[in-house]
Structures are given as C-alpha cells and as structure tokens.
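Residue numbers for the sequence shown, in my numbering: 10 to 202.
Backbone N, C-alpha and C define an ideal beta-carbon position, used for all residues, glycine too.
Remarks on the structure that follows.
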Amino acid sequence: RNNRELLGDNPFQLQALKRYLVDEHTIFFKPKIKSKYSDYENYSGLPWKLLLWKDIVNYPESFWYAVSRIDKVRRKKVYFTKCSNRTLTTAGWTFITPFSSNTKYTGVGAQDLLLVSVVFAGLSSTVSFTNLLITRRTLCMPGMRHRRVLLPFVTIGTLFALRMLAVITPVLGAAMIMMLLDRHWATTFFDFA
C-alpha cells in the first residue's frame with residue numbers, strides 16, 4: 010500500500026496545513042463536477058468532504074478509536090444497568106409478577122438494587138408524611154391566609170398518610186428482612202415454590 014498520506018499529508022506538518030487551506034480536502038460546497046477520484050470505487054459526487062479524513066482513519070487517537078471506546082463504555086453501562094449478567098430481580102411467583110422468574114437463584118447485584126429501592130420507597134413516604142405534618146402545623150398559626158379553608162384538607166391528608174404509613178411500614182420491613190436473608194444467607198422467601 011502506498012503510504013504517501015502518512016508522509017506529506019500529516020496535519021502536524023506546516024506544508025500540509027497550507028495545502029489544506031486551498032485544496033479539495035476542506036469542507037466546501039460547489040456544483041457537482043464530472044471528475045474521477047483515484048481512491049473511490051463508487052463516488053456519489055456529494056460536494057461535502059471531511060477535513061483531515063486520512064488522519065482520522067490512520068492514527069490510533071482517531072474517530073474510530075473513540076468510537077470503540079464509547080461502544081465498550083456503552084456495553085459496560087448496559088451490564089451494570091441490567092446488574093449481574095442481566096438476571097432478573099427476584100425469583101418465584103411469590104413476588105411482583107414483572108420481577109419474577111422461575112430460576113432458583115438470581116443475580117446478587119439485582120437483589121442489592123432491590124434492597125436500595127425499598128429503602129428509598131420508605132424514605133420518600135416518610136419525608137412526604139413529615140412534609141404534611143409541617144404544613145398542618147404551619148396552617149395552625151393565627152393570621153395565615155385561607156387557614157380555615159385549607160386546614161381540614163391538610164388534616165384529612167395527614168390522617169390518610171398516617172394510615173398508609175401504618176399499613177406499609179411493617180410490610181416494607183418484612184420485605185427488607187426477607188430480601189436480606191435471601192441475599193446473604195441464600196434462603197428461599199422469594200424463590201420458586
């Protein structure tokens with residue numbers, strides 16, 4: 010193969026930069042011309058050409074090198090997103106159906122993500138209930154505008170949230186205990202029965 014483009018067309022040489030200013034390798038637009046190019050088998054005649062294209066192809070710190078790195082990063086992201094070789098979260102019909110499978114043991118990383126998600130569910134419900142309590146306490150202050158109108162609604166919302174927390178907190182706690190036992194001691198609370 011002729012390595013002429015590696016010798017004189019290197020963009021790190023001053024002569025190459027001068028030549029790129031005046032020849033056809035720069036990006037330009039002009040009417041289609043009837044010319045044959047030596048290194049093209051099928052030339053479409055499009056007037057747009059890429060600046061420094063040969064250097065992008067020929068050097069390892071190039072576009073294709075960056076594309077391969079990005080592709081590997083994307084694959085790694087998919088791997089970590091699916092978490093532990095793309096296994097499902099929990100096993101068995103005893104859990105929520107979209108998360109279930111009939112395999113005996115699933116991925117450890119997926120179970121870790123499930124534990125974290127249950128923790129965040131408990132935190133978010135607790136924070137929202139605290140927000141309702143603070144809002145009700147603020148509306149009890151004399152002089153607040155629309156206090157008599159808003160206070161009953163906030164009070165009813167607080168009572169509903171308290172009932173919801175009273176019901177769901179033991180359920181979340183039991184689910185956490187069972188998932189932790191499945192995760193660390195390989196018990197079968199959420200496995201196929």
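Out of the options, point me to the one whose CA is closest to residue i's CA.
| i | options | result |
| --- | --- | --- |
| L142 | T197, M187 and F162 | F162 |
| V128 | L181, T197 and M187 | L181 |
| L159 | S133, R145 and I186 | R145 |
| S134 | T196, P179 and A170 | A170 |
| A130 | T197, T178, T196 and F198 | T178 |
| V125 | T197, I186 and I165 | I186 |
Is it right to say residue i is buried, meaning 16 or more other beta carbons lie within 10 angstroms of its own, or is it exposed?
| i | result |
| --- | --- |
| A184 | buried |
| M150 | exposed |
| M188 | buried |
| L1 | There is simply no residue 1 to check, as the chain begins at 10 and stops at 202 in what is shown. |
| M153 | exposed |
| L15 | With a pLDDT of 49 at L15, under the threshold of 50, the modelled position of this residue cannot be trusted, and the question is left open. |
| Y52 | The pLDDT assigned to Y52 is 49, lower than 50, so where the model puts this residue is not dependable, and the model offers no usable value. |
> Per the contact definition of three or more C-beta pairs closer than 8 Å, is the region 164-178 in contact with the region 138-148?
Replying inline: yes
> Quick one: any contact between the region 120-130 and the region 187-196, if contact means 3 or more CB pairs under 8 Å?
Replying inline: yes
>> Which complete alpha helix (DSSP H) runs does the region 173-198 hold, if anything under 4 residues is left out?
In response: none
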